[in-house]
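Student: Chain order of the listed sequences is A and B. Sequential numbering of the first sequence, starting at 1, is according to my numbering. Sequential numbering of the second sequence, starting at 101, is according to my numbering. Just so it is clear, CB atoms sit at the ideal spot from N, CA and C, and this is done for glycine as well.
2 protein chains.
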Amino acid sequence: MPTIVVDVMPKSELLDPQGKAVSGAFARTGVTAFSDVRIGKRFELTVDGEVTDAVLAEARRVAEEVLSNAVIEDVIGVEVAE
Amino acid sequence: MPTIVVDVMPKSELLDPQGKAVSGAFARTGVTAFSDVRIGKRFELTVDGEVTDAVLAEARRVAEEVLSNAVIEDVIGVEVAE
């Protein structure tokens, strides 16, 4: 069955305490390859039938209205997984 | 600066209570297009220099050992974002 993937990330102008914590853990454990870490969410929406334009529009709507908080997060992707 | 994206999802054989809650909210609010919802994490690791094979290998290692819990989660992707 097709899956629509919605990616949500904290807005880039906001601090991301979770990401900062992981970044700090990297520094303490000798992982130096990554200068920053940000942590967001990945939603997999299973579609029963075909992914029509209407279904994709509905996914975009719920991504903005239900799955993310527009005050602190951006929806960075709504895509049909191959 | 290049970014490596790590996607982590709950193992498919496990219940995902967060996803079930969203799925229930969809049902209650008349969103019928999606039969299942699963919620995972998306990590963006910023790389200061070039993404060499060593950096990518390090990303794969921390994805398995630090960013995910192998008991309940699968790392489903470690990719350089375009």
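Please go through the segment 116-180 of chain B and give each complete alpha helix (DSSP H) segment of 4 or more residues, from N-terminal end onward.
Tutor: 117-128, 153-165, all fully within the segment 116-180 of chain B.
Student: Once you ignore the five residues that flank Ala63 (chain A) on each side, which residues in its own chain have a CB closer than 8 angstroms to its CB?
Tutor: Counting from 1 along the first sequence, the entry for residue 63 (chain A) is found at position 63. Taking C-beta separations shorter than 8 angstroms and ignoring five residues to either side along the sequence, the partners of Ala63 (chain A) in its chain run Val6, Val8, Phe43, Val75, Val78, following chain order.
Student: For Ser191 (chain B) and Ala33 (chain A), what's the separation of their Cα atoms in angstroms?
Tutor: The structure shown does not extend to residue 191 (chain B), since chain B is modelled only from 101 to 182, so the question has no answer here.
Student: If you reduce the DSSP assignment to three classes, tell me which class Thr109 (chain B) lands in.
Tutor: In the second sequence, counting from the first residue as 1, residue 109 (chain B) sits at position 9. The sequence given here has Met at residue 109 (chain B), not Thr. Met109 (chain B): strand per DSSP, three-state reduction.
Student: Would you call Ser123 (chain B) buried or exposed, if buried means 16 or more other Cβ atoms sit within 10 Å of its Cβ?
Tutor: What you label residue 123 (chain B) is simply residue 23 of the second sequence in a count that begins at 1. Counting Cβ neighbours within 10 Å, Ser123 (chain B) comes out buried, since at least 16 surround it.
Student: Rounded to whole angstroms, what is the Cα-Cα separation between Glu50 (chain A) and Asp116 (chain B)?
Tutor: What you label residue 50 (chain A) is simply residue 50 of the first sequence in a count that begins at 1. What you label residue 116 (chain B) is simply residue 16 of the second sequence in a count that begins at 1. Roughly 24 angstroms between the two C-alpha positions.
Student: With a cut-off of 9 angstroms, does the C-beta of Lys41 (chain A) fall near any C-beta of chain B?
Tutor: Counting from one through the first sequence, the residue named residue 41 (chain A) turns up at place 41. With 9 angstroms as the cut-off, Lys41 (chain A) counts as an interface residue toward chain B.
Student: Any beta carbon of chain B sitting closer than 9 angstroms to that of Glu64 (chain A)?
Tutor: On the first sequence, position 64 is the one that residue 64 (chain A) refers to. Chain B contact via Cβ: absent.
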